[in-house]
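Residue numbers (our numbering): 1 to 179.
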């Protein structure tokens, strides 16, 4: 027997050989190299799970590409300075030290200024942790207007309900918040 190819067992009892032939995985000649191929071979439906993982991976990779190592964007401004500008326009009552702290928290999310502005509008100026949790849980910005049990997602999040609790509530209602 070589390392490249396994020998197919041969049974002397025809009944055992028939059972083995029925239950043995089909030989394609090439190993399954993707999760989809393995799932299909095993009869599993993982399309939704795989799509979620790909989306999260793409989002985190996109966030890393948006800035260089110093946190500067292509126009020379840092994400923190963009966040500071956005927050200072939204929260006129906050003083500079508080604005800087919130801007640092927003900059760590690695969002484009347009996305950052949309998240600020959805979950408020204090919602950097909420936005981070929503992105981790796979709750899309577009889902902020979805009504769950009589209340919009953004109002639940602003009211203190955790992103994971909102996601569980949506799943219980049969709603998807990741699109």
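Where a beta carbon is used, it is the ideal one built from N, C-alpha and C, also for glycine.
Contact check, residue 148 vs residue 106, beta carbons under 8 angstroms: Not a contact, by the Cβ cut-off of 8 angstroms.
Runs of alpha helix (DSSP H) wholly within the region 76-151 (minimum 4 residues, chain order): Taking 4 residues as the minimum length, the alpha helix (DSSP H) runs contained wholly in the region 76-151 are 79-90, 96-107, 113-123 and 128-137, in order along the chain.
Outcome for residue 84 when other beta-carbon atoms lying within 10 angstroms are tallied against a minimum of 16: When all chains shown are included, residue 84 counts as buried.
Residue from 123, 110 and 21 whose Cα sits closest to the Cα of residue 91: That would be 123, whose Cα lies nearest to the Cα of residue 91.
Contacting residues, own chain, Cβ-Cβ under 7 angstroms from residue 86 (five flanking each side not counted): Counting only residues of its own chain and dropping the five nearest sequence neighbours on each side, residue 86 has a CB closer than 7 angstroms to the CB of 113, 116, 117 and 120.
Reference residue 177, options 78, 11, 24 and 48, closest by Cα: Ranking the options by Cα distance to residue 177, first place goes to 48.
Residue burial classification, residue 82 (beta-carbon count within 10 angstroms, cutoff 16): Looking at its Cβ environment, which holds 16 or more other Cβ atoms inside 10 Å, residue 82 is buried.
Among 170, 78, 44 and 37, the one whose alpha carbon lies nearest that of residue 138: Nearest to residue 138 by C-alpha distance, out of 170, 78, 44 and 37, is 170.
Opening and closing residue of the alpha helix (DSSP H) in which residue 23 lies: Looking at the DSSP string, the run of the alpha helix (DSSP H) that includes residue 23 is 14-23.
Range of the contiguous alpha helix (DSSP H) that encloses residue 164: Counting along the chain, the alpha helix (DSSP H) containing residue 164 begins and ends at 163-173.
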